[in-house]
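J.: Can you read through this structure? Questions will come right after.
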Amino acid sequence: MQPFRIGIFRNIALWGPLHGGANQAVIEMLQEIFDNGGDVNKYVAKAKDPNDDFRLMGFGHRVYKNFDPRSRIIKKLAHKIFNKPGCQEPLLEIALKLEEIAIKDEYFVEKKLYPNVDFYSGLIYKALNIPVNMFPVLFAMGRLPGWIAQWKELQEDEEFRISRPRQIYTGNRKETIYL
């Protein structure tokens, strides 16, 4: 298989609102809130309503059950970018209001739904004038060298020309360090 196909196939696999396209989903949600008058409380109520399919994008993480430490860093970067002259983003104000409500609201605290890294990364991409539908591509670009290295390693090993991993890890176990 040619290496360029690796990037294409894996990028396609990243598309969607949860992983590779999460920051795109956040921007689309913030834009919807803005377009409908900016009433953040209305959308928080929708997210809490068990009969409503709406969910706040950019909140919660499968690994970081408390506040995602990366989101604190990227939030500071977003503020730094938006504090520059001529760089105004109305969606940032909506994001800040959402975050303020979520970190204090019993529902979100109980469910450990705190802003994650995707919550602010999309705003930064938007400030750089990157089209929203290209956010997953940026997400994939950082992973592409690893994907190609993995492909190259498999190509150079005669035993793994056709790889069918058994998905049983037999190596050393590393402890997860939670921040």
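The numbering of the sequence shown is this note's numbering, which starts it at 2 and goes up by one. C-beta: ideal position from N, C-alpha, C; glycine also.
Measure the Cβ-Cβ separation of Tyr-108 and Lys-47 and say whether it is below 9 angstroms.
T.: Position 107 of the sequence shown, counted from the first residue, corresponds to residue 108. Position 46 of the sequence shown, counted from the first residue, corresponds to residue 47. No. Outside cutoff.
J.: How would you label Ile-74, buried or exposed, when you count the other beta carbons within 10 angstroms and need 16 or more for buried?
T.: Taking the sequence shown and counting its residues from 1, the one referred to as residue 74 is at position 73. It counts as exposed.
J.: Smallest Cα separation from Val-118: which of Ala-128, Met-58 and Met-142?
T.: Within the sequence shown, numbered from 1, the residue matching residue 118 stands at position 117. Measuring from the Cα of Val-118, the nearest candidate turns out to be Met-58.
J.: Please work out which residues of its chain come closer than 6 angstroms, Cβ to Cβ, to Ile-102, disregarding the five sequence neighbours upstream and downstream, and give them in chain order.
T.: The residue given as residue 102 occupies position 101 in the sequence shown. Here the set comprises Val-45.
J.: Label Met-135 either buried or exposed according to how many other C-beta atoms from any shown protein chain fall within 10 Å of its C-beta, with 16 as the threshold for buried.
T.: In the sequence shown, counting from the first residue as 1, residue 135 sits at position 134. Label assigned to Met-135: exposed.
J.: Taking only the alpha-carbon atoms, compute the straight-line gap between Leu-145 and Asn-52 and give it to the nearest angstrom.
T.: The count along the sequence shown starts at 1 and reaches residue 145 at position 144. The count along the sequence shown starts at 1 and reaches residue 52 at position 51. About 40 angstroms.
J.: In the structure shown, what three-state DSSP assignment does Phe-68 receive?
T.: As a first step, residue 68 is located in the sequence shown; it is residue number 67 there, counting from the start. Residue state, collapsed to three classes: coil.
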